[in-house]
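Trainee: Residue numbers (our numbering): 385 to 493.
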């Protein structure tokens, strides 16, 4: 897995989602959503759900949870996905691989 595989999977999931989602709510979620609706008075419940997805996404990015899952499944981070390059590609490690004894490099100019 890698950056290309992640991009392909995201595109595939994006297409599969479509414009609308039907979500079943358990009792606790329905109660919390009703409280938020009452307190925040949004234009629609959909707006609260959109905000909730944004907050969950932001939280997983900030805590490193997203990077953990991306690294586990695709061996890339969210920053690497955004830049379109892996860290090794950014630093040139893949372009100039180190072979053999690292002390041999001190004699190269």
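Built from N, CA and C at the ideal position, the CB exists for glycine as well.
Taking C-alpha atoms, which residue in 474, 475, 464 and 407 lies nearest to residue 389?
Mentor: Out of 474, 475, 464 and 407, 464 has the C-alpha closest to the C-alpha of residue 389.
Trainee: Quick check: what's the CA-CA separation for residue 427 versus residue 434?
Mentor: Going from the Cα of residue 427 to the Cα of residue 434 covers about 12 angstroms.
Trainee: To the nearest angstrom, how far is the alpha carbon of residue 408 from that of residue 432?
Mentor: Cα-Cα distance, rounded: 15 angstroms.
Trainee: Quick one: Cα of residue 419 to Cα of residue 401, how far?
Mentor: Straight-line Cα distance between these residues: approximately 27 angstroms.
Trainee: Classify residue 437 as buried or exposed, calling it buried when 16 or more other Cβ atoms lie within 10 Å of its own Cβ.
Mentor: Exposed is the call here.
Trainee: Identify the continuous alpha helix (DSSP H) that holds residue 470 and give its terminal residues.
Mentor: No alpha helix (DSSP H) contains residue 470, which DSSP labels as neither H nor E.
Trainee: For residue 460, is the classification buried or exposed, using 16 other Cβ atoms within 10 angstroms of its Cβ as the cut-off for buried?
Mentor: Classification of residue 460: buried, given that the 10 Å Cβ count is 16 or more.
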